[in-house]
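A.B. asks: Once you've had a glance at the structure underneath, I'll fire off some questions.
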Amino acid sequence: MDAVNHTPETDRRTQRLDARVTAEDKQLLARAAELAGMNVSSFVVSHARSAAREIIREHETMDLTDRDREVLVSALLEEDPLPNPALQRAARAHDAYTGRT
1 MDAVNHTPET
11 DRRTQRLDAR
21 VTAEDKQLLA
31 RAAELAGMNV
41 SSFVVSHARS
51 AAREIIREHE
61 TMDLTDRDRE
71 VLVSALLEED
81 PLPNPALQRA
91 ARAHDAYTGR
101 T
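The structure is reproduced here in structure tokens:
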């Protein structure tokens, strides 16, 4: 799922990321990193990367029920859908607002 092709050039760490944390947070991160067998920097980057990917995945995908999926596919495959009255009113309001009447 990683979109980056890993080459020696892309694996080279050239960017710096700094963060200010409380003493308690620093101790917590250091302890967790130690238990994971990692240094603090690698631990923080690894877990931040995982969290970032998950957040992006959640925002880029849509989970549908079977019923919702059927409705969506039907709507997409409908040959010549006609606008309903609400859509027609919205289009007229948009045209009036933008001066396209």
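Numbering of the sequence shown is given in the UniProt record's numbering, commencing with residue 1 and proceeding in unit increments. Each residue gets a CB set at the ideal place from its N, CA and C atoms; glycine is no exception. Remember, predicted model here, so these are calculated numbers, not experimental data.
(1) Kindly list the residues whose CB is nearer than 7 Å to the CB of Thr14, restricted to its own chain and excluding five residues on each side of it in sequence; keep chain order.
(2) Output the residue ranges of the alpha helix (DSSP H) runs that lie fully inside the stretch 13 to 82 and measure 4 residues or longer, sorted by chain position.
(3) Taking the Cβ atom as the reference point for each residue, do Leu29 and Val40 lie within a distance shorter than 8 Å?
(4) If Phe43 sits next to Ala32, beta carbons under 8 Å apart, how far is it from one beta carbon to the other, in whole angstroms?
(5) DSSP on Arg89, reduced to helix/strand/coil?
C.D. replies: Taking the coordinates as given:
(1) none
(2) 23 to 36, 40 to 60 and 66 to 77
(3) yes
(4) 6 Å
(5) helix
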